[in-house]
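For the first sequence, the positions run -16 to 254 when this note's numbering is used.
The C-beta atom is built at its ideal place from N, Cα and C for all residues, glycine as well.
Here's the structure, in C-alpha cells; my notes come after.
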Amino acid sequence: MVTRRIPHFDLAQIAESGQCFRLNREGPNWRLIAHGKVLQMRQHGETVQFLCTQKAFEEIWRGYFDLDTDYGTFLASPAPDDSYLAGAAAYGSGIRILRQDPWETLVTFLLSQRKNISAIRSAVEALCTRFGKPIHRGKETFYAFPTAKTLARCSPEDLSACSLGYRVPYVADAAKKVACGALDLPSLNGLDNDALQEALLRIHGVGIKVASCVALFGYHRLDCFPRDVWINRVLETHYGGRFDPLRYKGFAGVIQQYLFYYARNEKIDHR
DNA sequence: TGCCAGGCTTCAC
DNA sequence: GTGAAGCATGGC
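Structure, rendered in C-alpha cells:
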C-alpha cells in the first residue's frame, strides 16, 4: 500500500467530473479499472491510500492521477473580475485531468455523444463485460477495456447489444483503423495539438468536441477546451458568449472541467 | 410519458 | 459555406 498526502485531490469529484467512467465507490473504498488493472483506494481528507505496490504507483498511478502537476496554480488563476469561475474552481478544487489510455478515451467519447453520463457508464461497462479481458482478483472478476482488435472483430449486432445505438459504425470504424494499423494512436503523441486533432477528425463519428475531449483526457493536452452543451450554456448564460479560453493558456482544459463540473452539479443540486 | 443527453453526418439550399 | 433534419437508446 502507498499512502500520500495530496492537496487539491478528490476522488469523488474526479469520478463525477465526466472525464472517466470506470472509477466507482465501493463501500469505504474507491475502485478504478484502467490500463488493464484494478486499483483500490481510500481517501480521508488529503490523505490518500493506494492499495498497490510502490512500483505500480510510481510506474502507472502517479502519472495517471497527474500527481506531479501543481493544481494550486490553476485554482488561483481565475481573473479577479470573474467570480463565477472562482466559485467553480473552489467547488471542483479536487479535480485532476487524468492520463487515460487514448484508445479507451476515443471509444468512450465516441459513444458519449447525445448520452447522459449515467448512460455512458452503462454502455462502457457493457462493452467491457462482454468484450474485455477478465481480470481475476480473489473471488471477483473484473473486465479490462476491450482492445481495438477485439472490437474490430465484433459484428454490428454485438456492438449494438451494448446500447451504442447509431454510434455502432463509429466505434467499428475506429476499431478497424486502429486494429489494422492505419491509425497508430501512441504515435499521435508526437503531434502538436492541431495535427493531433486533425488526425482524430479522420475517424468516422469524431467531430471537434469529441476530438478535443480525446486530446484533453487521452493525450493530456491541457490546452484543449472542449465545448459541449453544458459549456456552451455556461458561456452564454454567465459570460454573454464572450469567454476567452486563451486567457488561461496552457491549462484551459482544467478551467473547462471546473466550469463543466460546477454547471452540472448546479443543475443536479436544484432538482 | 415525454424529454433530453459531454454531437455528428448528411443533405438541402 | 451554412443550416436544419435525423439519428438509437437509456435515464430521469
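- Unbroken beta strand (DSSP E) runs of no fewer than 3 residues, entirely contained in the stretch 114 to 162, are found at 117 to 120, 123 to 126, following chain order.
- Taking 8 Å as the cut-off, the beta carbon of Val21 is found no closer than this to the beta carbon of Phe114.
- Contact check for Val(-15) against Gln23 fails: the beta carbons are separated by 8 Å or more.
- Note: His27 is bridge-paired with Thr30 in the DSSP secondary-structure output.
- The Cβ-Cβ distance between Val107 and Arg247 does not fall below 8 Å.
- When DSSP states are grouped into helix, strand and coil, Ala62 belongs to the coil group.
- The beta-carbon separation of Ile80 and Val237, rounded to 6 Å, stays under the 8 Å limit for a contact.
- The DSSP-derived three-state label of Thr52 is coil.
- The distance from the Cβ of Phe92 to that of Val197 is about 6 Å, consistent with a contact at the 8 Å cut-off.
- Within its own chain, the residues whose Cβ lies closer than 7 Å to the Cβ of Val154, once the five positions on either side in sequence are excluded, are Val90, Leu93, Leu94, Leu134, Leu142, Leu147, listed in chain order.
- Annotation for Arg(-12): Glu29, Thr30 place their beta carbon closer than 6 Å to its own, counting only its chain and skipping 5 residues before and after.
- Closest by C-alpha distance to Asp177, out of Gly121, Leu199, Lys160, is Leu199.
- Residue environment analysis places Thr88 among the buried positions, since at least 16 neighbouring C-beta atoms fall within 10 angstroms of its C-beta.
- When DSSP states are grouped into helix, strand and coil, Asn12 belongs to the strand group.
- In terms of Cβ geometry, Phe243 and Pro228 do not form a close pair [threshold 8 Å].
- With contacts defined as CB atoms closer than 8 Å, Gln(-4) and Gly75 qualify as a contacting pair.
- Comparing alpha-carbon positions, the option among Leu50, Tyr245, Arg185, Leu171 lying closest to Ala157 turns out to be Arg185.
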